[in-house]
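Residue numbers (mature numbering (1 follows the signal peptide of the UniProt record, and there is no 0)): -20 to -1, 1 to 339. In this text, a Cβ means the ideal position worked out from N, Cα and C, and glycines have one as well. Remember, predicted model here, so these are calculated numbers, not experimental data.
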Ligand code: BGC
């Protein structure tokens, strides 16, 4: 009981100090949360609040464990404070989506020193000490993006298109893996002269506003851009908004990722070439299962090993398969129950949904 009150006071103090708009989700009122989760933000992708929080909570509830899910709202000091509070409260397991490897590592090391087991969720903390890593095969995500762009450019019969790249945050190891994936597909086409290498930029903090500014500058410097790799649906939407101003939306293929409602709408509108569907339900369920095993002092079952090139160690991991989504199979994401039809088929999208067989 005391711990529960202390934890609520701490959350209140943090919210009152204005460092971050954190939302707690504590089950088993008054009892000790055994598993603490810190999500990164709610702006770089809709997924963290609409999917990850929901499915992690569902998995913990189904298992009947006490848990707490917080969101650092892209604030590194709030991230650290939240982790310290969870460690002080005596969680058994800490699961984080790092904001960068440096802050992630500091928190993981503190947890380890306090005897708290740790999991890297979705993003690997380079040089970190997490016991497990659960994610999708992120290089495969990038490969699907590269192949998706090639398919759209082929369908559009583009000749020697200039390709622009809006990569994710450079401090997110996933961004590096996505880029490795799509550059693996596009590189040979640049070498052969089939495509032309255009502007290529990391977008700090996956920030959509920065992405819009960056793409605007790219279009000014190189007005003949003919294809855009955007590392997720938010960055894609930023590029599409710039293209719209020039009446070029729908003419220049743009990739994406996360199968967000907005991404699916942009695909249905013909403004976005593809997205990558990562079924976060499976990711959350796999991570929750490992967390519960760790909380019970058991060893979890993993299926892969991922090499941390900074820490020079293999990390036991679970890597799930991503799926490419185009206009032809947008339906699959909705039929799967990942995004609700009424989130996508609003206003002008009702008719587009009907045309795509979405009910
Ligand atoms: C995740 C993506 C997400 C991005 C921005 C990445 O680490 O894998 O799903 O779009 O972060 O939040």
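Counting pairs of Cβ atoms below 8 angstroms between the region 20 to 37 and the region 209 to 217, do you hit three or more? yes
Span separating the alpha-carbon of residue 149 from that of residue 181: 10 angstroms
Please classify residue 31: does DSSP put it in a helix, a strand, or coil? helix
DSSP state of residue 98, grouped into three classes? strand
For residue 124, which of 194, 162, 137, 197 has the nearest alpha-carbon? It is 162 whose Cα lies nearest to the Cα of residue 124.
Can you give the Cα-Cα distance for residue 17 and residue 258, rounded to whole angstroms? If you take the alpha carbons of residue 17 and residue 258, they lie about 20 angstroms apart.
Between which two residues does the beta strand (DSSP E) carrying residue 118 extend? Where residue 118 is concerned, there is no enclosing beta strand (DSSP E), although the alpha helix (DSSP H) it sits in stretches over 118 to 135.
8 angstroms CB neighbourhood of residue 52 in its chain, flanking five on each side removed: -1, 2, 18, 19, 20, 21, 58, 59, 62, 79
Measure the beta-carbon distance from residue 100 to residue 108 and round it to whole angstroms, keeping in mind my assumption that it falls under 8 angstroms. 6 angstroms
Which residues in the same chain as residue 196 place their Cβ atom closer than 6 angstroms to its Cβ, once the five residues preceding and following it in sequence are excluded? 222
Local conformation of residue 254 per DSSP, three classes: Here DSSP, grouped into helix, strand and coil, assigns residue 254 to coil.
Cβ-Cβ separation, residue 266 to residue 114 (assumed contact under 8 angstroms), whole Å: 5 angstroms
Looking only at its own chain, which residues have a Cβ that is under 8 angstroms from the Cβ of residue 193, when we skip the five neighbours before and after it? none
Cβ of residue 339 versus every heavy atom of the ligand BGC: is any distance shorter than 7 angstroms? no
Expressed to the nearest angstrom, what Euclidean distance is found between the alpha-carbon atoms of residue 122 and residue 246? 19 angstroms
At which residue ranges does the region 131 to 212 contain complete alpha helix (DSSP H) runs of 4 or more residues, listed in the order of the chain? 153 to 172, 188 to 201
Buried or exposed, going by whether 16 or more other CB atoms sit within 10 Å of the CB of residue 326? exposed
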